[in-house]
Structures are given as structure tokens and as C-alpha cells.
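Have a look at the structure below before the remarks.
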Ligand SMILES: Nc1ncnc2c1ncn2[C@@H]1O[C@H](COP(=O)(O)OP(=O)(O)OP(=O)(O)O)[C@@H](O)[C@H]1O
Ligand SMILES: Nc1ncnc2c1ncn2[C@@H]1O[C@H](COP(=O)(O)OP(=O)(O)OP(=O)(O)O)[C@@H](O)[C@H]1O
Ligand SMILES: [Mg+2]
Ligand SMILES: [Mg+2]
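Protein chains in written order, with my numbering: chain A, 408 to 568; chain B, 408 to 568; chain C, 3 to 165; chain D, 3 to 165.
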């Protein structure tokens with residue numbers, strides 16, 4: 408049981424370090440056992456250090472920093488034990504354009520063997536997708552269709568405004 | 408005491424109906440006393456009806472719909488009893504472009520006699536402002552400056568990426 | 003293995019009639035205006051795969067999931083998840099349809115390829131393809147920033163569950 | 003009446019040196035990359051005007067507000083809010099400076115135009131200009147979507163407080 412846990416812990420940690428460094432250049436993130444001698448006697452701490460900043464109180468991070476850290480952890484788990492699909496709903500709500508691009512790039516590279524269904528209001532993120540699904544509401548009923556290019560959906564958005 | 412309450416209630420309600428109809432064209436929103444005969448024996452319900460949809464369970468509204476409803480309420484209160492300044496931090500995180508524009512328009516019209524300090528990652532919202540304040544982090548220390556046009560800050564964002 | 007498409011009938015904002023939501027492999031972006039019905043797709047997935055709570059479905063109880071508008075109300079809320087099986091599921095079939103129907107009285111009927119199953123059997127079946135209740139693969143709107151706020155013990159439990 | 007500018011020293015990410023954050027009347031948009039220090043401006047405002055809790059300042063306790071980096075730490079966290087008074091405050095002065103200093107031991111010193119005041123007196127003074135602890139005029143990041151989730155009684159209390 409301990410072996411299974413340590414195998415998961417070490418691999419996810421290795422993935423987290425690499426993925427976080429990609430998403431937050433110059434930054435570092437890693438997991439740390441509270442009790443190294445008896446992992447099950449303690450929890451797992453997350454030590455995050457964006458470029459140039461101190462490792463400190465996780466809650467003092469900005470909205471964008473928390474999002475990037477959370478996504479790095481989800482992707483780290485995904486590389487160790489993938490689910491067949493991922494559903495992300497507006498995970499980019501608090502990301503600036505540069506970070507949204509990095510996340511789009513990362514999802515695209517991972518989507519060769521894994522399905523990512525990503526709800527987004529940011530064109531910059533949608534531009535990395537293989538396929539666009541458009542949704543609009545007409546008289547309180549949702550209509551769903553395949554979108555061939557983003558200008559179509561922009562037209563739809565303008566109509567409903 | 409009842410008179411003061413009913414005066415506030417009726418005025419804020421009147422404001423809410425008008426403001427929500429502006430932000431959500433074809434939609435309606437209003438407050439309702441749970442106990443009309445004894446207001447203090449009950450609470451205040453919020454009945455919201457975006458265009459074409461039923462008044463229903465508030466929690467089933469979308470992120471954007473909840474944001475618009477919340478802002479309408481805040482502005483309704485503001486018109487009855489204004490504070491000298493308002494600070495809004497990424498209130499547009501879940502708004503599509505059309506709604507972000509409406510909110511920008513409304514804030515601009517109200518900013519003639521009230522200060523609005525609005526943190527935003529959306530250029531479309533920032534474009535309605537009188538003044539832009541740029542913030543960047545250099546080596547873990549925040550730097551703050553006046554921005555003359557949005558392309559300056561886009562350059563800064565690219566540098567830190 | 004991926005979700006080929008979702009079929010809905012009477013579920014949340016999708017109306018009374020049968021409606022197909024195309025998905026498919028790779029990176030699929032769902033776009034559209036506020037209130038359109040994008041997040042309801044995530045609700046349909048968690049609903050049918052038994053990985054939802056009424057709270058994260060934004061429903062007071064299951065009957066709130068049944069489409070209603072201007073007094074008219076659907077008979078039921080029904081969702082089919084059409085999966086392409088490339089070996090994740092230890093079965094012959096290349097196409098697997100998971101479905102769930104909720105009736106007005108709140109009762110749920112789960113099926114795998116048309117055969118009634120109990121919810122816990124569905125969960126066991128999905129676990130074989132690494133689809134879990136807390137697999138951290140379904141991130142609902144507004145929740146991503148809460149993940150870093152987890153307690154150290156909670157974080158350890160996640161790694162334990164994965165191991 | 004509006005905030006002309008904010009002066010900070012040792013507060014959160016703004017470094018040890020005195021720094022001016024220009025604001026001014028009308029519609030001021032604050033822009034910049036993730037992690038830059040934009041939301042810390044809202045924290046500076048709520049901190050100095052006594053309308054904050056350590057939770058919505060994202061600090062474990064007040065000493066977490068003191069700038070620190072690579073082992074070096076500021077002496078204190080200090081914020082001045084420079085207000086232009088156009089009659090909202092029943093005083094002669096056109097310029098009002100509210101300040102708050104937190105020392106490493108967690109003690110707070112509040113001042114109005116250089117004169118020490120108790121926190122509750124500051125709150126009474128600010129209330130005259132309609133600046134309240136829950137005036138719904140300060141909306142922190144990530145909180146706007148929670149407002150509609152309030153209970154009916156909570157909503158009535160808001161209207162009562164305003165009346
Ligand atoms: N049972 C139901 N019957 C009819 N409509 C419903 C039902 N349940 C939810 N809805 C509607 O679904 C809409 C919300 O849809 P959804 O959350 O998918 O929007 P969205 O596209 O994600 O928008 P946003 O971009 O603002 O997040 C609401 O307007 C709500 O009224
Ligand atoms: N006491 C402190 N000393 C040094 N840095 C601090 C301190 N407290 C907070 N910070 C830093 O401030 C940063 C967060 O700043 P802030 O929340 O204002 O960012 P932001 O510009 O709003 O970003 P976002 O767009 O992602 O919301 C964090 O990186 C955090 O490490
Ligand atoms: Mg949504
Ligand atoms: Mg912020």
C-alpha cells in the first residue's frame with residue numbers, strides 16, 4: 408500500500424514540477440510530504456514559487472496564479488493516470504492572454520490521445536481547438552451546432568445581445 | 408422604521424427593474440417581500456427572468472446571468488444610496504463580450520459623479536475607462552504606472568510571459 | 003476512448019425534443035453567449051455518468067433538471083452519453099451508450115447499452131475506464147480557483163485514491 | 003468625493019519603498035498580467051478603511067500583509083488613502099488622508115490626517131460619507147457570482163441596513 412502511494416506521489420510530483428515550469432516560466436511547484444517517515448501520518452503540502460517570488464501562503468496567490476497551479480496539478484495527475492476525457496468549464500476565467508495561450512497549447516498537445524471538452528468565452532483559447540461546438544438560446548431553448556469558424560459564433564453572440 | 412425600510416425597498420426595486428432591463432434586454436428582475444403584510448417577518452425574494460426564460464431557481468442561472476443580476480442589484484443600491492467610490496475586481500470574469508460592453512457602458516455613464524475602480528483582464532471593458540492604471544511584477548515587486556494606451560500594457564504582458 | 007456525442011431529451015435548457023450534441027475526439031471548444039446552455043453540457047455528462055450531486059448540477063433536486071418553460075414541462079430528463087471504446091472498457095463493443103432518465107417523481111433509471119443497471123454497478127463499470135466520481139477530470143464553472151485551497155490531508159487522500 | 007491616490011510602503015507585493023498608486027475621479031481601469039499586484043490595490047483600500055477581514059485580504063493574519071521576499075522583510079505594512087472631499091465628509095478639509103500601519107507584532111495604528119483614532123471612530127467617520135463595512139461597493143475577485151446565492155433574510159437585512 409505504501410509502495411503504491413509512493414509510486415503515485417513521486418510520479419505526480421515529477422510531472423507537476425515539469426508542467427508548472429512550462430506554464431509559469433522561471434517558477435517552481437512541488438508537493439511535499441508533511442511526514443516523510445510516515446506519509447499516512449500527515450498530509451501533502453504544495454509549495455509554489457512563481458518567478459521572483461517567495462514560497463508562501465497559498466491563499467495569498469492571485470486568481471491567475473491559483474488557476475495555473477490547479478491546472479498544473481490536474482495535468483500532473485492526468486499524465487500518471489489519464490481519464491478518457493476531461494471537461495473544463497471556463498477554467499480560463501481569471502487567466503490573462505499569455506497564460507490562456509499556454510493552457511491552450513498544453514491542452515492541444517495532450518489532446519492527441521485524450522479528449523478535452525473545454526467551455527470558454529475566450530477566442531484565444533478556442534483558437535487552439537480541433538473543433539468548435541456553438542450553443543445559443545432561442546426563446547429559452549438551447550440550440551447546439553458545429554461551428555466552422557469563430558466569426559459565425561461572434562455573429563450569433565451579437566444577435567442575442 | 409417600517410417607512411424607512413419600505414422607502415428603501417421600493418426605490419431600490421424600481422432601480423433594479425430598470426437597470427436589469429438595460430443589461431438583459433427583454434428580461435425582468437424584481438424583489439418581492441416574502442411577507443407583504445409584515446416585511447420584517449420574512450425575507451426578500453429575487454425573481455429573475457432573462458428573455459424567453461422562466462422565473463425559476465436562482466442557482467440554476469448561468470455564471471453570466473448571475474453576474475448580470477448581481478451587478479444590477481449593486482447598481483440599484485448605488486442609485487438609492489451612493490458610496491463615493493466602487494471597487495470591482497474582475498466582475499467580468501464570466502461575461503461574454505456583449506455583456507462586458509453593456510457593463511462598461513453603464514459604469515461609464517455612472518462615473519460622471521461616482522468613482523469606479525475596475526480591475527479587468529478584458530480590453531473591451533478597459534476601453535470604456537477614462538484612465539488606465541497598469542501594474543506589473545518585476546522580481547516579485549509590483550510596479551504601478553499610468554498607461555496612455557492599451558498597447559503599452561499588452562507589451563508589458565508579453566514581456567512577463 | 004472518448005465521448006462521440008451526447009443525446010438529450012427534456013434535460014435542463016435543451017427543450018422537450020430529442021437533441022444531439024456532437025463532440026468527438028481531441029480538443030473540442032464549446033462557445034456561445036452567456037446563458038446559452040454551454041455548462042449544461044457538463045451537467046448532462048456528470049448526470050448520466052453518476053458523478054454528480056444536485057448541488058454541482060445547480061438543481062434543488064433531480065426534478066429541477068426536467069426542462070420547463072412558460073408552464074409547459076417535459077415528461078422526463080433523459081441523457082445518453084455515446085462513448086467510443088478503444089479498449090478502456092473490457093468489453094467487445096466499440097460503441098457504448100450510458101443513459102439516465104429522471105422521472106417527475108425523482109426516480110432515476112440507469113442503463114448501459116439499453117440494459118438497466120444499478121447506479122453502483124455503473125460506477126464500477128466506469129471505474130474500469132478510469133472514470134471516477136472524483137477523478138479531477140470534470141471541472142465545473144467557478145471551481146478551478148478552489149483547488150489550491152484544499153487541506154494537506156485532502157491532498158494526500160487524492161493521491162491515495164489515484165494510487 | 004473620490005480616492006485621489008493610494009500610498010503604500012511594505013504592503014503585500016509593493017516592496018519596502020514608498021510607492022504611489024495614482025487613481026482619480028471617474029472610471030479607472032486597472033490592467034496588467036496575472037500576479038502583477040492589481041487585486042492588492044483592493045486589499046490596500048479595504049485594509050486602510052477598516053472594511054476588511056484577513057480572509058478577504060487573503061492573509062492568514064495581519065503580519066502576512068507585510069512585504070517579504072527572499073528572506074528580506076519590511077518593517078511594517080503601511081497604507082495611506084488620499085481622498086478628495088467635496089462635501090461627503092462634514093469637515094473643512096478638501097484633502098483627507100486615512101492611514102493604517104500594521105507592525106510585525108500585528109498591532110494596527112489608524113490615523114485620520116495624522117491624528118491617531120480608534121478603529122471604531124474611523125468607521126463612524128467613514129459612515130458619514132456612506133463608506134460602510136458592507137456597502138456592497140467593494141467586490142473582491144471571484145465573489146460577484148455568490149451574491150445571487152444569498153438567503154432571502156440576508157437580502158432583507160441588506161435593505162434594512164441601507165434604510
Ligand atoms: N430545467 C430547466 N428548464 C429550462 N431551462 C433551464 C433548466 N435548468 C436550467 N435552465 C436554464 O439554463 C440556463 C443556464 O445554462 P448554462 O449554465 O449552460 O449557460 P452557459 O452557456 O454556461 O452560460 P455562461 O456563459 O453565462 O456560463 C439558465 O438560463 C437556466 O434558466
Ligand atoms: N506579503 C507579501 N509580500 C510579497 N508578495 C506578496 C505578499 N502578499 C501577497 N504577495 C504577492 O502578491 C501577488 C498577488 O497579487 P494580486 O492578487 O494583486 O495579483 P493580480 O494582479 O490581481 O493577479 P490576477 O490577475 O491573477 O488576479 C502574489 O504573487 C503574492 O505572492
Ligand atoms: Mg456556464
Ligand atoms: Mg487579481
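We put the CB at the ideal spot given by N, CA and C, even for glycine. Owing to the predicted nature of the structure, the values given are computational and were not obtained by experimental measurement.
Proximity below 8 Å, CB of residue i to CB of residue j
i: residue 79 (chain C); j: residue 119 (chain C); result: no
i: residue 522 (chain B); j: residue 491 (chain B); result: yes
i: residue 476 (chain A); j: residue 455 (chain A); result: yes
i: residue 85 (chain C); j: residue 450 (chain A); result: no
i: residue 480 (chain B); j: residue 149 (chain D); result: yes
i: residue 62 (chain D); j: residue 55 (chain D); result: no
i: residue 415 (chain B); j: residue 131 (chain D); result: no
i: residue 144 (chain D); j: residue 3 (chain C); result: no
i: residue 467 (chain B); j: residue 60 (chain C); result: yes
Three-state secondary structure (DSSP) of residue i
i: residue 535 (chain B); result: coil
i: residue 498 (chain A); result: coil
i: residue 91 (chain D); result: coil
i: residue 104 (chain D); result: strand
i: residue 51 (chain D); result: coil
i: residue 71 (chain D); result: strand
i: residue 82 (chain D); result: strand
i: residue 97 (chain C); result: strand
i: residue 62 (chain D); result: coil
i: residue 143 (chain D); result: coil
i: residue 43 (chain D); result: helix
i: residue 117 (chain D); result: strand
i: residue 486 (chain A); result: helix
i: residue 436 (chain A); result: strand
i: residue 555 (chain A); result: coil
i: residue 462 (chain B); result: coil
i: residue 451 (chain A); result: strand
i: residue 37 (chain D); result: coil
i: residue 76 (chain C); result: coil
i: residue 17 (chain C); result: coil
i: residue 516 (chain A); result: helix
i: residue 129 (chain D); result: helix
i: residue 110 (chain C); result: strand
i: residue 26 (chain C); result: coil
i: residue 165 (chain D); result: coil
i: residue 431 (chain A); result: coil
i: residue 549 (chain A); result: strand
Supposed contact pair residue j and residue i - C-beta distance, whole angstroms, cut 8 Å
i: residue 141 (chain D); j: residue 496 (chain B); result: 6 Å
i: residue 472 (chain B); j: residue 457 (chain B); result: 6 Å
i: residue 125 (chain D); j: residue 52 (chain D); result: 6 Å
i: residue 431 (chain B); j: residue 38 (chain D); result: Between residue 38 (chain D) and residue 431 (chain B) the Cβ distance is about 32 Å, and since that is not below 8 Å, they are no contact.
i: residue 453 (chain B); j: residue 465 (chain B); result: 6 Å
i: residue 547 (chain B); j: residue 459 (chain A); result: 4 Å
i: residue 161 (chain C); j: residue 426 (chain A); result: That belief does not hold up - the Cβ atoms of residue 161 (chain C) and residue 426 (chain A) are roughly 16 Å apart, past 8 Å.
Proximal chain F residues relative to residue i, where beta-carbon distance stays under 8 Å
i: residue 467 (chain B); result: Absent from the structure is chain F; the protein chains it does hold are A, B, C and D.
Same chain, Cβ closer than 6 Å to residue i, neighbours up to 5 away in sequence not counted
i: residue 42 (chain C); result: 14, 15
i: residue 494 (chain B); result: 524
i: residue 501 (chain B); result: 470, 471, 474
i: residue 551 (chain A); result: 542
i: residue 442 (chain A); result: 448, 449
i: residue 435 (chain B); result: 456
Nonlocal neighbours in the same chain, by C-beta distance under 7 Å from residue i, ignoring five residues either side
i: residue 22 (chain C); result: 7, 9
i: residue 499 (chain A); result: 507, 510, 527, 529, 532
i: residue 437 (chain B); result: 420, 423, 424, 454
Other residues of its chain near residue i: CB distance less than 8 Å, five sequence neighbours each side excluded
i: residue 100 (chain D); result: 50, 51, 82, 83, 85, 112, 113, 114, 124, 128
i: residue 12 (chain D); result: 18, 68, 69, 76, 77, 78, 79, 80
i: residue 538 (chain B); result: 553
i: residue 512 (chain B); result: 535
i: residue 89 (chain C); result: 3
Sufficient close CB pairs (3 or more, under 8 Å) joining the region 474 to 489 of chain A to the region 8 to 25 of chain C = no
query = Are there three or more Cβ pairs, one per stretch, closer than 8 Å when the region 30 to 45 of chain D is compared with the region 92 to 108 of chain D?
reply = no
query = When the Cβ atoms of the region 517 to 533 of chain B are set against those of the region 21 to 31 of chain D, are three or more pairs found closer than 8 Å?
reply = yes
task = Determine, using beta-carbon pairs with one atom in the region 497 to 514 of chain B and one in the region 531 to 544 of chain B, whether at least three such pairs fall under 8 Å.
result = yes
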